[in-house]
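Okay, structure first, notes after.
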Amino acid sequence: DIPDGPPEVVLDGFDEGGIRHNIANGLRWGPDGWLYGRHGILVTSMIGPPGTPPAQRTPINCGIWRYNPTRKIFEVVCHGTTNPWGYDWNPQGELFFINTVIGHMFHAVQGAHLQRMYGEDFNPHLYELIGATSDHFHWDTAELWHDIRKLGVTPTTDQAGGGHAHSGLMIYQGNNWPEQYRGTMFTVNFHGKRLNNDHIERKGAAYVGHHAPDFLKTKDPWFRGLDLITGPDGGVFIADWSDIGECHENDGVHRSSGRIFKITYGDPQPLGIPDVSKLSTAELVAAQTHPEEWFVRQARHALQQRSAAGDSMSDVHTSLRKLFEESTNPLHQLRALWSLGVTGGTDADWLISQLQHSDEYVRVWAVRLLGNEFTITPQTTAAFELVAANETSGLVLLHLASALQRLPLADRWTIAQSLATHAEFADDAALPLMVWYGIEPAIQESPDRAVALAGATKFPRLAKFIARRLTSNLQLVPAPVDQLVQLLGQTTEPERQLSLLQGISDGLKGWRKAPQPASWAATAESLAKIDSDEIKQYVRELSVVFGDGR
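Heads up: the sequence shown begins at 8 in the numbering used here, then just goes up one per residue.
Following this line, the structure appears as structure tokens:
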């Protein structure tokens, strides 16, 4: 392989001295045609095109970012975790990445704010972060994460999976390995010198990862696996740094001892691999139904490159639309949709029509492409409002909640209110928080609508966070807090009353004495009659803060 031409700097501001790892070696093309990258927790970088003023740069520390090479747009996909060391997309185009110490597998939804190892999110008003997708740890959490440096891999950590540090992530989508591994996640466990295997399945509005038996384990003390990918024949390549050190050293390392392993099953036959760049456009379109994911991705990227170079895509779009409309295979439909997307073959009206498609994953991607690739028009907003009210798929609703952050502040409320009435997702790990992340920036502009949402939502956390956010501004804007207090007295739902009281109490943490809302005395008297010790305790505490002080 050779460079296409002289190097061109399109982004700068990466603090490579502080990060020390995972910038250049983390680049990968997504199914949407964006170039994805990752950033570690050690420092904050300020990213932008060369010459961008500091005030216009985008901050990122731990998280996933992406760059659109034709539109020249950089954006953060999600904030949080520790050091993302690898990622991959599942067959439906959902992005998962691997992490260290606090939890190993995360679902990267646009606009998500995820659990962090340390430090604070850039937004101080989030109140709660989304946790790991995995429901288990690969190490004995009774130990400190750094104990492994002096204790080694203890028997309990060995049984759990080998250790807290992971590098590389692959969702296997080849055809060489046995069927039981298709669609499952593999990662290198650094200290455990093995490949962990997790099964990913749908749960609520998103996913959960369950631990499966470790796939392989080596006794080689020099094994330092860094990444793994599926090849064109379905075999898997593993990059091994091959050294005796741990993670964070630059002295005494061996820079010429690396190895690449390949793992295949059975007796694979030699595969004649064509030069994808020399295939005709018709052959590239046909490759979207190829059984090996490697060919699918390479062909899609080749189509994207030809489109970016100015080649006519008229016949390509006709063929891809035909594949999308006539195929009975949902996976082929998605691949056609993605290829249309990366070659400019979609438009807002057509995508809006796909919001009613029978396959939920097509509906997910209609939401995503409308939110990410096009200016959101009143027509799009109206279509989103209908989806929010009528959709039953939690994953579609999750990505619609993500799209809230793309909308003008005033246009978020109707969609958020409909999303927040899906009581079946009240305790979901992600959906209520994504709705909150979408409306939080709009609260100070529309406090009346925020109070109305607090009175209507079926998500207790959302009511609590709204109350907390409004109360935090009590000194400057007291009227919305009095509206909350009136709502407390009017609602007959103890759970809502408790959520609102908790939010007001949280908003007053650190206050010794606060201005009493005009409606507090009457509301407190009414709440004192409720048969709930917890509610009565909050009323007593708040009466002190709103009275003589504590």
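We put the CB at the ideal spot given by N, CA and C, even for glycine.
Asked, Found
"Where do the ends of the alpha helix (DSSP H) carrying THR164 lie?", "162 to 167"
"What is the DSSP secondary structure of GLN122, counted as helix, strand or coil?", "strand"
"List the DSSP bridge partners of THR88.", "ARG123"
"Assuming ASP540 is part of the alpha helix (DSSP H), what are its boundary residues?", "540 to 552"
"Please confirm whether ILE178 has its beta-carbon closer than 9 angstroms to some beta-carbon of chain C.", "Among the protein chains of the structure shown there is no chain C, as only one such chain exists."
"Could you tell me how far apart the beta carbons of ASP227 and ASN204 are, in whole angstroms, since I believe they sit closer than 8 angstroms?", "With 8 angstroms as the limit, ASP227 and ASN204 do not qualify as a contact, their Cβ atoms being about 20 angstroms apart."
"Which class does THR65 belong to by DSSP, given the choice of helix, strand or coil?", "strand"
"Could you check the C-alpha separation between ALA62 and ALA115 for me, to the nearest Å?", "26 angstroms"
"Can you give me the Cβ contacts of ALA433 inside the same chain, cut-off strictly under 8 angstroms, excluding the 5 residues immediately before and after it?", "PRO439, LYS465, PHE466, PRO467"
"Determine the closest residue to SER264 out of VAL403, PRO10, SER249, with distance taken between C-alpha atoms.", "SER249"
"Could you name the residues that DSSP lists as bridge partners for LYS210?", "ALA213"
"Would PHE197 and SER174 qualify as a contact pair, given that the criterion is a beta-carbon distance under 9 angstroms?", "yes"
"Three or more C-beta pairs closer than 8 angstroms, one from the stretch 31 to 50 and one from the stretch 73 to 81: is that the case here?", "yes"
"So ALA212 and ASP455 are in contact, right, with Cβ under 8 angstroms, and what is the actual spacing, rounded?", "Contact doesn't hold; Cβ gap of about 28 angstroms is too wide."
"Is the beta carbon of GLU300 less than 9 angstroms from the beta carbon of THR237?", "yes"
"What is the rounded straight-line gap between the Cα of TYR94 and the Cα of ILE542?", "45 angstroms"
"Give the range of the beta strand (DSSP E) segment to which LEU233 is assigned.", "232 to 237"
"What are the boundary residues of the beta strand (DSSP E) that ASP95 is part of?", "93 to 96"
"In chain order, what are the residue ranges of uninterrupted alpha helix (DSSP H) at least 4 long that sit wholly in the stretch 126 to 200?", "155 to 158, 162 to 167"
"Do you know offhand how far PHE81's Cα is from VAL546's?", "47 angstroms"
"Which residue's Cα is closest to the Cα of GLY58: VAL16, TRP92, PRO98?", "VAL16"
"So is LEU407 buried or exposed if we call it buried at 16+ other beta carbons inside 10 Å?", "buried"
"What span of residues does the beta strand (DSSP E) with ILE270 cover, start to end?", "266 to 270"
"Please classify GLU398 as buried or exposed, where buried requires at least 16 other C-beta atoms within 10 Å of its C-beta.", "buried"
"Quick one: Cα of VAL108 to Cα of TRP92, how far?", "12 angstroms"
"Who are the near neighbours of SER425 in its chain, counting only those whose CB is closer than 6 angstroms to its CB and skipping five residues on each side?", "ALA395, ALA396"
"Can you tell me whether ALA430 is buried or exposed, with buried defined as 16 or more other CB within 10 angstroms of its CB?", "exposed"
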